[in-house]
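Residue numbers (the working numbering), protein chains in the order written: chain A, 1 to 319; chain B, 1001 to 1372.
Note that CB positions come from ideal geometry on N, CA and C, so glycine has one too.
Only a predicted model underlies this, so the values are computations on that prediction, with no experimental measurement involved.
Only one structure is covered here, and it is reproduced in the block below.
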């Protein structure tokens, strides 16, 4: 990753409205060349609007959006042959075979499957047995790999993937991210969006988006490390009962269910973990719930996002 | 441009792979033309008739026989009283009731004048008119004949005026010569317009339109590649229809066939352009279907294909001037049936050409704005 090189994506105060709704609100960020950059956020955060603008399908209402140094409005024709885009929904021809789809997209980019094979070979290898099967009849994971091949066959310099793993099984998702790793290692800049928090940790840097704004941008490690308060895992048989009690605890900053445990964040920074555990335990017992198992844990990406999202929403309500 | 060829190859691949589309393009029009041309006719062949013969004389039976003998009427009820005939009309058992009152023959002989009653089911105005005309013709013939057999005491007074009519261009008044071109125009319009509109709506629905829009394909290339295949397919359908019309229904082809094709080629640009335009503001195939059918229904019904434009109200006649179907119908009938040449159809072809350029410009503008 070359920090000094001009950014692969350079977005300054980009705003896009649809009628009265501001889908993207004065967004500013950049993506460095060779980076695997992730956008995390709930549905409706503005991720798709942002991606559609980055790939020249939408025009910004305000601000500047530059990809590979080209403006998405004025230089769109230069840009279109250098950008790869895989929309969230499967967007290939279901009635054409896998190979026919690939051949078609290669041809409209003025290249051929043979020319593009060096780039897509690792992915195509897995698809080759199904080359003559209609794209509509492929499994979810295979469809997604085919879409990736079609987005890569013209050897783009940057790849935009809008929620590529939504609706794909866990194994295929992991395989897909392994492919992205390999592509990034080959020098390709990749911008990806996902609603899955666990996928965020596989990016070089992630941006948390909510309501058209970026709440924070950093490396996954830095985001985890920057968790501002002490965090504890609380284990109890009656999860919902203890959740209700903990939320009444005067020092509780956040209590969220995480699988079969609760994540409890104390509002007091700089206090000794042991002292907090004792206090929480005493409060829970005083409220008639048997003593839970409590242990201090490091924050995960998801904790960090939940925290920032709650803070973002609170800020929205106040402001 | 090579890209256009690649895009077109993809369209043809998709069309011929999809059995439903192939069926829609080649089978349905043929069947419709064959079935509709035979069925959609105003010709009165055998009108079911009830005769209430209260007179029961030679003259009254002779009249009944004459009506039946002409081949255009079928006497399904013959009865001495009116009992039940009204219900038979209501029930559509008969289309007309002829009542010969008591004393018909006597009146005719004595006063040289007698009355008959003919009741016709006028639910469908046009066919009622035709039944009436046919019945009057039989009656007139019969009266004249009676006049002759009765000699000097004949029923018809004064000089007998006969009008000899001759239909030009379609002397046998073969209804198919009128109907087959109309159905051909409708089918070509429906298939061409619908295929184009549906095809682009489908790309939108699939999300592949976005995928195409991020490629270096220009709007002009895209639209050319979309229109050309369906233009060719529509011309093929038209050709199949024309061959069926000629060899199955024997419609005349008096004018120049290249002129017919020139007009069709220009007309199809308009029809496909309308389809393209519709698809620029719809998002799904279903929406497209609704809008396209709405538009086509108006165009077809107001075109003069099935009811003459001349009998429409003034505003509708003006509206028909901007109806491409009307102009195409005029050209087709003029060239095929009347053998008209370039000097007659130049104006409507020019109007179509202007319309084609107009609608395509509009569609391309609208499409470009949308797709950025």
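Report the rounded CA-to-CA distance for residue i versus residue j, giving the unit in angstroms.
i	j	result
residue 1264/B	residue 1191/B	14 Å
residue 252/A	residue 208/A	24 Å
residue 1206/B	residue 1021/B	17 Å
residue 71/A	residue 1273/B	33 Å
residue 94/A	residue 1321/B	43 Å
residue 1334/B	residue 1309/B	15 Å
residue 255/A	residue 227/A	15 Å
residue 1010/B	residue 117/A	21 Å
residue 74/A	residue 92/A	28 Å
residue 280/A	residue 235/A	13 Å
residue 1057/B	residue 1125/B	33 Å
residue 35/A	residue 181/A	10 Å
residue 270/A	residue 43/A	35 Å
residue 215/A	residue 242/A	30 Å
residue 1120/B	residue 1128/B	6 Å
residue 1224/B	residue 1201/B	16 Å
residue 129/A	residue 301/A	38 Å
residue 1384/B	residue 1175/B	Because chain B is modelled from 1001 through 1372, residue 1384/B falls outside the range shown and cannot be assessed.
residue 290/A	residue 185/A	51 Å
residue 1133/B	residue 1105/B	23 Å
residue 266/A	residue 308/A	15 Å
residue 221/A	residue 286/A	38 Å
residue 1268/B	residue 1031/B	21 Å
residue 1003/B	residue 1279/B	22 Å
residue 1102/B	residue 1039/B	40 Å
Would you say residue i and residue j are within 8 Å of each other, going by their C-beta atoms?
i	j	result
residue 51/A	residue 160/A	yes
residue 15/A	residue 69/A	no
residue 188/A	residue 148/A	no
residue 1118/B	residue 1135/B	yes
residue 1130/B	residue 1096/B	no
residue 143/A	residue 104/A	no
residue 1046/B	residue 1072/B	yes
residue 1033/B	residue 1184/B	yes
residue 205/A	residue 191/A	no
residue 1285/B	residue 1211/B	no
residue 65/A	residue 11/A	yes
residue 158/A	residue 83/A	yes
residue 151/A	residue 86/A	yes
residue 1271/B	residue 1193/B	yes
residue 45/A	residue 97/A	no
residue 101/A	residue 137/A	no
residue 162/A	residue 193/A	yes
residue 1053/B	residue 1093/B	no
residue 48/A	residue 88/A	yes
residue 944/B	residue 1339/B	For residue 944/B there is no data in the structure shown, the boundaries of chain B being 1001 and 1372.
residue 1366/B	residue 1277/B	yes
residue 1253/B	residue 1336/B	yes
residue 119/A	residue 155/A	yes
Report back the beta-carbon spacing between residue i and residue j to the nearest angstrom; my notes put them in contact at under 8 Å.
i	j	result
residue 224/A	residue 311/A	Incorrect: roughly 16 Å between the Cβ atoms, too far for contact.
residue 1345/B	residue 1259/B	7 Å
residue 1180/B	residue 1303/B	In fact, because the Cβ distance is near 15 Å, the residues do not count as touching under 8 Å.
residue 1352/B	residue 1328/B	7 Å
residue 24/A	residue 9/A	Incorrect: roughly 14 Å between the Cβ atoms, too far for contact.
Regarding residue i and the ligand SAM, is the C-beta to nearest heavy atom distance less than 7 Å?
i	result
residue 153/A	The model depicted lacks the ligand SAM and carries no ligand whatsoever.
Entirely within the region 1021-1064 of chain B and at least 4 residues each: give me those alpha helix (DSSP H) ranges in chain order.
-> Counting only runs of 4 or more, we get 1028-1039.
Contact residues within the region 73-104 of chain A, judged by C-beta distance below 8 Å to chain B = 76, 77, 80, 81, 83, 85, 87, 89, 90, 91, 92, 93, 94, 95, 96, 100, 104
Which ranges would you report for the alpha helix (DSSP H) in the region 209-287 of chain A if only whole runs of at least 4 residues count?
-> 220-225, 239-248, 273-286
Continuous alpha helix (DSSP H) assignments of at least 4 residues falling wholly in the region 1197-1252 of chain B = 1208-1213, 1219-1247
Near-chain B residues of the region 107-130 of chain A (beta-carbon distance less than 8 Å), N- to C-terminal order | Of all residues in the region 107-130 of chain A, the ones placed with a Cβ closer than 8 Å to any Cβ belonging to chain B are 107, 108, 109, 110, in chain order.
The region 146-159 of chain A: which residues have C-beta closer than 7 Å to a C-beta of chain B, in chain order?
-> none
Note down, in chain order, all residues in the region 31-60 of chain A with a beta-carbon under 8 Å from any beta-carbon belonging to chain B.
-> 52, 55, 56, 57, 58, 59
Taking the runs of the alpha helix (DSSP H) that are 4 residues or longer, which of them lie wholly in the region 130-173 of chain A?
-> 140-152
Where in the region 42-68 of chain A do unbroken runs of the alpha helix (DSSP H), each at least 4 residues long, occur, reported from the N-terminal end onward?
-> Taking only runs of at least 4 residues, the alpha helix (DSSP H) segments lying wholly in the region 42-68 of chain A are 47-54.
Taking a cut of 9 Å between CB atoms, which residues from the region 1010-1041 of chain B lie near chain A?
-> 1010, 1013, 1014, 1017, 1018
Runs of beta strand (DSSP E) lying entirely within the region 1118-1154 of chain B, each at least 3 residues, in chain order = none
Pull out every residue of the region 1214-1234 of chain B whose Cβ sits closer than 7 Å to any Cβ of chain A, in chain order.
-> 1214, 1215, 1216, 1217
Tell me the start and end of each unbroken beta strand (DSSP E) in the region 1081-1118 of chain B that is at least 3 residues and wholly inside, in chain order.
-> 1096-1100
Interfacial residues, the region 1184-1216 of chain B to chain A, with Cβ spacing under 8 Å | 1206, 1207, 1208, 1210, 1211, 1212, 1213, 1214, 1215, 1216
Hey, which unbroken runs of the alpha helix (DSSP H) at 4 residues or more fall wholly within the region 77-137 of chain A?
-> 98-108, 113-127
Runs of alpha helix (DSSP H) wholly within the region 1310-1356 of chain B (minimum 4 residues, chain order) = Segments of the alpha helix (DSSP H) lying fully in the region 1310-1356 of chain B: 1314-1321, 1324-1338.
At a Cβ cut of 7 Å, what residues of the region 1340-1357 of chain B count as close to chain A, listed as they run along the chain?
-> Residues of the region 1340-1357 of chain B with a C-beta atom less than 7 Å from some C-beta of chain A do not occur.
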